[in-house]
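Take the sequence shown: its position 8, counted from the start at 1, is 48 in the numbering used here, and no numbers get skipped.
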Amino acid sequence: MNETGSYPGQVWLWLYTFWYQIKPFSTSANVDALAMTIMIVLSTALVLIPFISRASRHPRRIPIYKLIWRTTTDAEH
């Protein structure tokens, strides 16, 4: 995992190599196919979160976005 250069680097590789360390996968003969399948499913779920009706309502219920996108008043400028 110690690659030279800035890309692709270690940041994205740990997502795949994580599955090689877990017991059911580490003893499997086709761990490569299992890890890729799991990563495809998780990546697809992450992409589809905005289109799932219940999941897209969570930011309104949990107002964490207000900490990031708070408006400033004229007195603070």
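No residue lacks a Cβ here, since even glycine has one placed at the ideal position from N, Cα and C.
As assigned by DSSP and simplified to three states, the class of residue i
{"i": "tryptophan 59", "result": "helix"}
{"i": "threonine 67", "result": "coil"}
{"i": "isoleucine 89", "result": "helix"}
{"i": "isoleucine 104", "result": "coil"}
{"i": "tryptophan 109", "result": "coil"}
{"i": "arginine 97", "result": "coil"}
Euclidean distance between Cα positions of residue i and residue j
{"i": "serine 66", "j": "tyrosine 60", "result": "5 Å"}
{"i": "leucine 126", "j": "arginine 100", "result": "A question about residue 126 goes unanswered here, because the residues of the chain that appear run from 41 up to 117."}
{"i": "threonine 77", "j": "threonine 57", "result": "13 Å"}
{"i": "tryptophan 52", "j": "methionine 79", "result": "11 Å"}
{"i": "proline 90", "j": "alanine 69", "result": "36 Å"}
{"i": "valine 81", "j": "tryptophan 109", "result": "31 Å"}
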